[in-house]
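Following this note's numbering from start to finish, the sequence shown increments by one per residue and tops out at 885.
Using N, Cα and C, we set each Cβ at its ideal position, and we do this for glycine too.
Presented below is the structure to which this report refers.
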Amino acid sequence: MKMSRLFAPTLREAPAEAEIASHKLLLRAGFIRKSTAGIYTYLPLGWRVIRKIEQIVREEMNAAGGQEIMLPVVQPAELWQATGRWELYGPEMFRLRDRHSREFCLGPTHEEIITELVKSDVHSYKQLPLLLYQIQNKYRDERRPRFGLMRGREFIMMDLYSFDRSPEGARESYARMQTAYEAIFRRCGLSCRAVEADAGAIGGSGGTHEFMALAEAGEAEVVFCPDCAYAANTEKAECVPPPAAAPSPSPIAAPPRAEVATPGARTIEEVSALLGLPPERFLKTLVYKGDGQYLAVVVRGDRTANEVKINNCLGPFRDLRLADEDDLAALVACGSGFVGPVDLPAAARLAVDSEAAVSAAFVCGANRPDVHWRDVVPGRDFPLSLTADLRLARAGEPCPRCGAALSGARGIEVGQVFNLGQKYSDALSARFLNEAGKSQSFYMGCYGIGVSRAMAAAVEQRGDESGIIWPLAIAPYHCVVVPVNEKDPAVMAAAMALYDELRAAGVETVLDDRPERLGVKFKDADLIGFPLRLVVSAANLAQGQAELKRRQTGDLEFIPLTEAVARVRLILEEN
Ligand SMILES: [Zn+2]
């Protein structure tokens with residue numbers, strides 16, 4: 311490809327809305343363009359990267375026994391109503407009607423439709439296991455689409471579905487997929503870690519792991535144990551109750567609770583400063599509304615409530631959200647900063663995090679403006695009828711398996727694997743005849759890889775201030791040939807010859823034949839992230855040499871022109 315013909319409109323500045331490196335760089339380097347919120351066009355360079363990631367995914371899925379199919383984007387509502395997910399998906403689902411007013415959705419995922427397919431065409435255990443996958447667009451009407459390809463409303467995913475005749479078979483499929491995923495991310499040049507996760511709306515009983523590309527810009531937080539194999543996202547990570555978690559009321563030597571004036575001190579930090587007590591001596595009460603019902607969740611002042619655990623323990627809810635000030639006004643006579651568990655109106659279900667359910671004296675809101683209680687003892691001053699693990703885990707806390715202090719990191723979720731059990735096959739009556747001639751439901755698994763997100767994750771993990779640093783395996787092109795002065799016929803002829811030889815040798819090459827200053831060409835080469843750059847100049851030609859630069863390391867070397875192609879081929883083979 312000649313650069314003068316390549317449709318890769320680069321930008322000097324990223325649009326203001328781009329906050330993270332991958333969003334900025336993919337826009338600036340001319341890989342993607344925004345169509346509307348959370349929906350993007352892939353330009354030629356971006357599409358080449360996507361196609362390469364897809365090809366790696368395809369090869370590994372095929373090697374693991376998968377067969378590629380293509381399911382419809384537009385799916386009938388009835389299938390989703392049968393599994394209850396038409397309601398459960400809520401506003402995240404794009405819905406539409408046809409001319410006969412029949413309801414449809416744009417597929418956010420494909421469990422229902424594939425279960426229906428297999429139900430109608432697979433009847434015997436002899437046809438199992440069956441692993442089917444597709445690479446296709448998915449649609450989720452995110453409340454806040456942002457970060458470019460990281461959280462879009464239309465995105466490209468690979469999803470594989472496994473159908474097995476037994477729980478053991480399903481576990482084998484799951485293990486085979488985990489291994490294949492590790493190979494895919496390694497080949498894509500992504501540094502990934504598998505962590506235990508929450509099954510969310512996909513559901514299923516058999517467990518789930520997320521594959522996290524570790525990166526500062528990641529939206530997910532993970533904890534992992536330096537001593538054992540335990541790793542989980544912080545929503546899922548189990549918190550170990552403190553050793554002294556004997557449930558109150560066991561009397562402690564605390565004086566009766568007393569009021570303390572805290573005018574205008576709404577946040578834990580403000581009250582903490584006012585009273586001169588550390589945040590862990592406070593109880594934070596968060597009021598949620600779940601399907602119209604009030605929930606008051608108490609965690610220690612230095613902790614964060616975990617909505618996933620709240621939903622799993624107290625729900626599930628179709629709609630769980632923090633109560634707004636209007637809701638609070640209807641429940642208690644104060645704003646959110648002064649809510650507390652003592653004498654809380656019965657309309658709110660009270661749930662206390664296990665760490666806050668200990669026999670100790672705390673400070674908490676008094677359900678009146680500008681007043682807190684001090685010396686409040688859980689169990690004595692408010693009931694502990696419901697205590698559970700309801701908070702987010704953090705680095706430094708003990709590992710739930712071995713007790714070592716957990717490490718923390720941020721990650722981008724690029725894949726997830728689910729052992730679904732019989733959730734969908736039961737709901738849709740998808741059954742087959744087993745070895746004993748009896749009818750039974752399939753054991754299913756589903757496995758997703760965010761293809762477009764993996765592209766963004768690669769940029770996050772490896773970019774620098776000059777631009778993108780593509781791993782060779784997914785780079786849009788391997789090499790750019792830069793003639794120093796395209797008006798010099800000898801230079802241009804040598805550059806052209808090199809370009810032709812490289813292409814003939816199977817090296818994906820761009821010739822920067824634009825009448826631009828050398829500085830501009832170098833800047834664009836770094837921005838786009840060509841792994842290899844070959845410079846042909848009159849001075850180099852006089853020596854019979856070309857200059858080779860590696861984008862990743864910045865290393866420069868001079869190589870004989872006659873050996874340039876072999877050298878580049880060797881580098882490609884080594885990777
Ligand atoms: Zn451990």
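Exposed or buried, Asp408, counting other C-beta atoms within 10 Å across all chains shown (16 or more means buried)?
Against the sequence shown, residue 408 aligns to sequence position 98. Per the 10 Å Cβ criterion, exposed.
Would you mind stating whether Arg843 and Val792 have Cβ atoms separated by less than 8 Å?
If you number the sequence shown from 1, residue 843 lands on position 533. If you number the sequence shown from 1, residue 792 lands on position 482. Contact: yes.
If the criterion is Cβ atoms closer than 8 Å, does the pair Gly499 and Ile784 meet it?
Residue numbering aside, residue 499 sits at position 189 when the sequence shown is read from its first letter. Residue numbering aside, residue 784 sits at position 474 when the sequence shown is read from its first letter. Their beta carbons are under 8 Å apart, which means Gly499 touches Ile784 by this criterion.
With a threshold of 7 Å, establish whether the CB of Tyr604 neighbours any heavy atom of ligand 1.
Along the sequence shown, read from residue 1 onward, the residue named residue 604 stands at position 294. Result no, Cβ not under 7 Å from ligand 1.
Just how far apart, CA to CA, sit Ala504 and Ala807?
Indexing the sequence shown from 1 puts residue 504 at position 194. Indexing the sequence shown from 1 puts residue 807 at position 497. Distance between the alpha carbons of Ala504 and Ala807 is about 46 Å.
Kindly identify the DSSP beta-bridge partner or partners of Ala886.
With the chain covering 311 to 885 only, the question about residue 886 has no answer from this structure.
Relative to ligand 1, is the shortest distance from any of its heavy atoms to the C-beta of Arg711 smaller than 7 Å?
Translated into positions along the sequence shown, residue 711 becomes position 401. Checking every heavy atom of ligand 1 against the Cβ of Arg711, one is found closer than 7 Å.
Exposed or buried, which one is His433 when buried takes at least 16 other CB atoms within 10 Å?
As a position in the sequence shown, residue 433 is number 123, starting the count at 1. Answer is exposed; the Cβ neighbour count stays below 16.
Please tell me whether, using a cut-off of 7 Å, the distance from the CB of Ala507 to the nearest non-hydrogen atom of ligand 1 is below it.
Here residue 507 corresponds to residue number 197 of the sequence shown, with the count starting at 1. It does not: the Cβ of Ala507 is nowhere closer than 7 Å to a heavy atom of ligand 1.
Going by C-alpha to C-alpha distance, which of Thr595, Leu858, Lys748 and Val878 sits closest to Cys674?
As a first step, residue 674 is located in the sequence shown; it is residue number 364 there, counting from the start. Of the listed residues, the one whose Cα sits closest to Cys674 is Thr595.
Using three-state DSSP, classify Asn622 as helix, strand or coil.
Here residue 622 is taken as the residue at index 312 of the sequence shown, counted from 1. Reduced to three states, the DSSP call for Asn622 is helix.
Quick check on the DSSP output: the beta strand (DSSP E) that includes Val428 runs from which residue to which?
Numbered from its first residue, the sequence shown carries residue 428 at position 118. Segment Glu421 to Asp431 is the alpha helix (DSSP H) holding Val428; no beta strand (DSSP E) there.
Taking 7 Å as the cut-off, is the C-beta of Ala326 nearer than that to any heavy atom in ligand 1?
Mapped onto the sequence shown, residue 326 falls at position 16. Outside the cutoff, so no.
Nearest candidate by alpha-carbon position, reference Gly721, set Trp683, Glu770, Gly574 and Ala676:
Counting from one through the sequence shown, the residue named residue 721 turns up at place 411. Measuring from the Cα of Gly721, the nearest candidate turns out to be Glu770.
Please check the pair Ala339 and Thr320, which I expect to be a contact at CB under 8 Å, by giving their CB distance rounded to whole angstroms.
The residue you call residue 339 lines up with position 29 of the sequence shown. The residue you call residue 320 lines up with position 10 of the sequence shown. Indeed they touch by this definition, with Cβ atoms about 6 Å apart.
Use the C-beta contact count for Ser664: other C-beta atoms within 10 angstroms, 16 or more gives buried, fewer gives exposed.
Residue mapping note: residue 664 aligns to position 354 of the sequence shown, counting from 1. The residue is buried, with at least 16 neighbouring Cβ atoms inside 10 Å.
Once the 5 residues before and after Leu374 are set aside, which same chain residues still bring their CB inside 6 Å of it?
Taking the sequence shown and counting its residues from 1, the one referred to as residue 374 is at position 64. Correcting the residue identity first, residue 374 is Ala in this sequence and not Leu. If we look at Ala374 and ignore the five residues flanking it on each side, its Cβ neighbours are Arg486 and Ala490.
Considering only C-alpha positions, which residue in the set Ala331, Met371, Met311 and Met313 is nearest to Ile759?
The count along the sequence shown starts at 1 and reaches residue 759 at position 449. Nearest C-alpha to Ile759: Met371.
Considering only their Cβ atoms, is the gap separating Ser735 from Met754 smaller than 8 Å?
Residue 754 sits at position 444 when you count from the first residue of the sequence shown. Residue 735 sits at position 425 when you count from the first residue of the sequence shown. Yes, they are a contact pair.
Look at the alpha carbon of Phe457 and the alpha carbon of Val801, and state the distance between them as a whole number of angstroms.
Indexing the sequence shown from 1 puts residue 457 at position 147. Indexing the sequence shown from 1 puts residue 801 at position 491. Rounded to whole angstroms, Phe457 to Val801 spans 42 Å at the Cα level.
Tell me which residue opens and which closes the alpha helix (DSSP H) that Ala373 is part of.
Start at 1 with the first residue of the sequence shown, and residue 373 comes out as number 63. It spans Pro354 to Ala373 - the alpha helix (DSSP H) in which Ala373 sits, taken as one unbroken run.
So, for Ala556: in the same chain, excluding its five sequence neighbours on each side, which residues have a beta-carbon less than 7 Å away from its beta-carbon?
The residue labelled residue 556 in the question sits at position 246 within the sequence shown. Unreliable positioning characterises Ala556 in this predicted model, as indicated by a pLDDT of 48, which lies under 50. The coordinate reading is nonetheless provided below. Excluding positions up to five away in sequence, the list reads Ser669.
Any beta carbon of chain D sitting closer than 8 Å to that of Glu548?
This model lacks chain D altogether; it includes just one protein chain.
Distance cut-off 7 Å: Ala703 Cβ against heavy atoms of ligand 1
Looking up residue 703 in the sequence shown gives position 393. Every heavy atom of ligand 1 is 7 Å or more from the Cβ of Ala703, so no.
Residue nearest to Arg879 in terms of C-alpha spacing, selected from Cys789, Phe832, Asp636 and Leu828:
Translated into the one-based positions of the sequence shown, residue 879 becomes position 569. Of Cys789, Phe832, Asp636 and Leu828, the residue nearest in Cα terms is Cys789.
Does DSSP classify Ser558 as helix, strand or coil?
As a position in the sequence shown, residue 558 is number 248, starting the count at 1. Residue placement at Ser558 is flagged as unreliable, the pLDDT there being 45, under the threshold of 50; the coordinate-derived value follows with that caveat. Looking at Ser558 - three-state DSSP - the assignment turns out to be coil, as it is neither helix nor strand.
Flag this pair as touching only if the region 421 to 430 and the region 312 to 326 have three or more C-beta atom pairs under 8 Å; answer yes or no.
no
Is Gly348 closer than 8 Å to Glu256 when the C-beta atoms are compared?
Because the chain in this structure spans residues 311 to 885, residue 256 falls outside the shown range and cannot be described.
Based on Cα-Cα distance, which residue from Cys623, Asn622 and Glu617 lies nearest to Ala633?
As a working mapping, residue 633 is identified with position 323 in the sequence shown. Cα-wise, what sits closest to Ala633 is Glu617.
Quick check on Gln446: does DSSP put it in helix, strand or coil?
For the purposes of this step, residue 446 is taken as the residue at position 136 of the sequence shown. The answer is strand: DSSP assigns Gln446 an E or B state.
Would you mind stating whether Asp612 and Glu590 have Cβ atoms separated by less than 8 Å?
As a position in the sequence shown, residue 612 is number 302, starting the count at 1. As a position in the sequence shown, residue 590 is number 280, starting the count at 1. It is a contact, given that the beta carbons lie within the stated cut-off.
Starting from the Cα of Gly376, find the closest Cα among Pro688, Thr572 and Phe473 and give me that residue.
As a first step, residue 376 is located in the sequence shown; it is residue number 66 there, counting from the start. Of Pro688, Thr572 and Phe473, the residue nearest in Cα terms is Phe473.
Is any heavy atom of ligand 2 found at a distance shorter than 7 Å from the C-beta of Asp537?
Inclusion of ligand 2 in the displayed structure is not the case, the ligand content consisting of ligand 1 alone.
With a threshold of 7 Å, establish whether the CB of Ala888 neighbours any heavy atom of ligand 1.
Any question about residue 888 goes unanswered here, given that the chain covers just 311 to 885.
State yes or no: is the C-beta of Leu355 within less than 8 Å of the C-beta of Ala318?
Working through the sequence shown from its first residue, we reach residue 355 at position 45. Working through the sequence shown from its first residue, we reach residue 318 at position 8. Yes, the pair counts as a contact, with Cβ atoms nearer than the cut-off.
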